[in-house]
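Comments concern the structure below.
Residue numbers (our numbering): 8 to 728.
Below you can see the structure in the form of structure tokens.
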């Protein structure tokens, strides 16, 4: 997640984008090509119709009329396999389900311009594709119409497209018939995408196109990959974070059934066998001695003590309005609170895995990844090959949540396959996954507020202390003296009107590797801000919703979601025995409000209902938006109630779902999603709804008990959940 946006196809000018379009016997290809791959015109010499030409492009129209989209985003449940083809189909005038979808390979043309890298993350998929993919479809449509108009000697503006045909009066020609002629035309000028009033598919709920394959089992996740003569590898990793192999005895393991090889890799010791279970059993029989690493004495107490000590320092300026120091000193009616957030694991249901095959001098990766170019680079280094000799075949991801923005599980698979010269699938166990994750950073945030003599909120200060993920993931991406933008989310855009405001971020590393976790620092900072807004409301002796409204006069989108959520939740009038809490946030160009409804019997907590109002601008498929919000709320509630990673002596204590548990069906509240229909550009929806759950639930607990929860998870704060 580098912070400097990358350039995509020369800043995506229409002329720059179409420059790379080529004439090909296989059809019309809106394409670019990579070094080491044949250019479309070269490939055309060796193929005949109806063979399709693949040139690392977004769109391909074959002479047989087939339409293929090369999807440059990974599908991990968020719906891009349906949403992005819908954008293309809308402009081509075809139903989305006729568009065949293939995952795009690594390539500079697939750099996500919102992240500066070829990556699926940051809830950017639709936001980044909105103009780019529609333009690809519109340019192809313009060329197809021009080709037909030339043949018919008809005015192009009188021609239309429908269901894979160009139409003029009673004439029609299929896209397949026109593909070659269209590809030979010069680049079209002044191409226009459709307006909202012309949309036939965008904005309509439609069945996800990947659902049938996931129901019938034909969808291929990384864990499903099977290659001829494939072997399986299980990897022994150090029990202490950062430890390295000192030596090992494999005598017993080598005598066990099916074992082909035991070898030391860059990340541990791997056993390769005929089946994964054989490999795993033999791995557990290894006698390995480990050199302790720098984290050998690390524990949670030291981590949080370090954050506390660091918090006395001043951080980098994030936002400054008025004079917060003067406002704090001038007003004696003050509130201050410190919030601690735990480390969390990603807990993807599909553990990390990678299948590797060497053939014809090249390395082929079959891998569930969010970062194709990084995966390619990691494999190339492990295989000692140039990147252009590494081919990445992206599979469906059984959960990403940011975990598969890292590629630490790839090199060992490459090393095993290279050593045995056979295809090898390396699969981590659940325990491997939980104890060797890149964890969500811990944080210690302090927030202060002061009221003037008239009882108006005059000053707010927010001091954020946490590690920087980007400093590890993309070293040098954040200019020195500049705060990591992925550490100050849901804080830098503080929406409440206050004369004096100061926000700073102090980067403090804690001795272990941290990673992007679904909603990243939104979850950390939204918990801080929205919990504290409730504390300020209590000091002002105002209803929490009315207090927020009084400070949002210049924030119409914030107010809209707040009004919808509270009205739908019947704010202030919950059923007998129940209590409500509210939280607001804007992130990923999306605006949300949530109301949580809970009850308590003694210390037994039950979350009954969560109502969420969302303004994410123009929706491509409202059904997917709703599903993402529902899933995000379940994900966020799991974290709020239960989740925490504990380190003792450098060892992660949680190992599987018995100790790092997930929300169960009978614990899941009623979830109501209310989508606002606006004309704004699309916002992201894969992550934002995660972040509001914890503050909304904790604010509801305060309404019930008058007890403030400033640490998570809730289950560790005296409640039974």
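Note that beta-carbon positions come from the ideal geometry of N, C-alpha and C, so glycine has one too.
Cβ neighbours of residue i in the same chain (closer than 7 Å, five flanking residues each side left out)
i           : result
residue 264 : 285
residue 192 : 150, 153, 154
residue 662 : 438, 441, 442
residue 614 : 603, 605, 644, 676, 704
residue 383 : 113, 394, 397, 399
residue 52  : Its pLDDT being 43, under 50, residue 52 is placed unreliably in this model, and the coordinates cannot settle the point.
Inter-residue spacing [alpha-carbon to alpha-carbon] between residue i and residue j
i           : j           : result
residue 724 : residue 328 : 36 Å
residue 331 : residue 493 : 24 Å
residue 690 : residue 532 : 19 Å
residue 262 : residue 410 : 35 Å
residue 259 : residue 720 : 43 Å
residue 462 : residue 439 : 54 Å
residue 664 : residue 436 : 12 Å
residue 483 : residue 390 : 26 Å
residue 308 : residue 423 : 38 Å
residue 465 : residue 694 : 32 Å
residue 717 : residue 538 : 8 Å
residue 611 : residue 333 : 44 Å
residue 657 : residue 251 : 13 Å
residue 38  : residue 506 : At residue 38, the pLDDT of 41 sits below 50, so the modelled position is not reliable; the number obtained from the coordinates is stated separately. The alpha-carbon atoms of residue 38 and residue 506 are separated by roughly 52 Å.
residue 699 : residue 591 : 7 Å
residue 467 : residue 523 : 28 Å
residue 559 : residue 190 : 53 Å
residue 726 : residue 534 : 18 Å
residue 728 : residue 311 : 25 Å
residue 715 : residue 706 : 8 Å
Proximity to residue i [Cα-Cα], best of the options
i           : options            : result
residue 729 : 508, 291, 132      : Absent from the structure is residue 729, since the part of the chain shown begins at 8 and ends at 728.
residue 568 : 552, 579, 580, 581 : 552
residue 243 : 290, 233, 218      : 290
residue 605 : 301, 593, 586      : 586
residue 541 : 77, 94, 713, 517   : 713
residue 199 : 227, 250, 139, 365 : 139
residue 399 : 679, 229, 701, 67  : 229
residue 703 : 204, 647, 683, 679 : 647
residue 401 : 81, 210, 507       : 81
residue 361 : 227, 269, 270, 489 : 227
residue 366 : 341, 210, 392, 156 : 392
residue 66  : 83, 89, 90, 111    : 111
residue 380 : 349, 414, 368, 359 : 414
9 Å Cβ cutoff, residue i in contact with chain B
i           : result
residue 591 : Protein chain content of the structure displayed is limited to a single chain, and chain B is not contained in it.
Contacting residues, own chain, Cβ-Cβ under 6 Å from residue i (five flanking each side not counted)
i           : result
residue 660 : 653
residue 161 : 175
residue 386 : 370, 372, 397, 417, 421
residue 241 : 278, 286, 287, 290
residue 620 : 568, 571, 572, 600, 681
residue 305 : 518, 654, 657
residue 321 : none
residue 650 : 351, 720
residue 61  : Reliability of the predicted coordinates at residue 61 is poor, the pLDDT of 30 falling under 50, and the value obtained from them is presented with this limitation in mind. Hits under 6 Å: none found.
Expected contact under 8 Å - CB spacing of residue i and residue j to nearest Å
i           : j           : result
residue 564 : residue 598 : 4 Å
residue 734 : residue 498 : As shown, the chain starts at 8 and ends at 728. That puts residue 734 outside it, with no answer to give.
residue 573 : residue 622 : Actually they are not in contact, since the Cβ atoms of residue 573 and residue 622 sit about 14 Å apart, beyond 8 Å.
residue 688 : residue 624 : 5 Å
residue 76  : residue 106 : 5 Å
residue 516 : residue 458 : Their Cβ separation, rounded to whole angstroms, is 36 Å, which puts residue 516 and residue 458 out of contact at 8 Å.
residue 406 : residue 477 : That belief does not hold up - the Cβ atoms of residue 406 and residue 477 are roughly 22 Å apart, past 8 Å.
residue 378 : residue 412 : 6 Å
residue 237 : residue 486 : Not confirmed; about 46 Å, so no contact.
residue 276 : residue 295 : 6 Å
residue 618 : residue 90  : Their Cβ separation, rounded to whole angstroms, is 25 Å, which puts residue 618 and residue 90 out of contact at 8 Å.
Chain-order list of residues whose beta-carbon lies under 8 Å from that of residue i (same chain, five-residue window excluded)
i           : result
residue 495 : 325, 471, 510, 512, 528, 532
residue 3   : Outside the displayed span of the chain (8 to 728) sits residue 3, for which this structure offers no information.
residue 92  : 76, 78, 103, 106, 108, 216
residue 711 : 586, 605, 606, 607
residue 301 : 249, 518
residue 357 : 228, 229, 230, 375, 404, 405, 406
residue 635 : 85, 86, 692, 693, 696
For the stretch 178-190 against the stretch 204-217, are there 3 or more C-beta pairs whose distance is under 8 Å?
At 8 Å Cβ cutoff, the stretches do not touch.
Could you say if the stretch 344-352 and the stretch 450-458 meet the contact criterion of at least three C-beta pairs nearer than 8 Å?
Because the criterion of three Cβ pairs below 8 Å is met, the stretch 344-352 and the stretch 450-458 touch.
Contact between the stretch 304-324 and the stretch 603-619: three or more CB pairs below 8 Å?
no
Between the stretch 165-173 and the stretch 89-101, are three or more C-beta pairs nearer than 8 Å?
yes
Would you be able to state if there are at least three C-beta pairs under 8 Å between the stretch 115-122 and the stretch 673-680?
no
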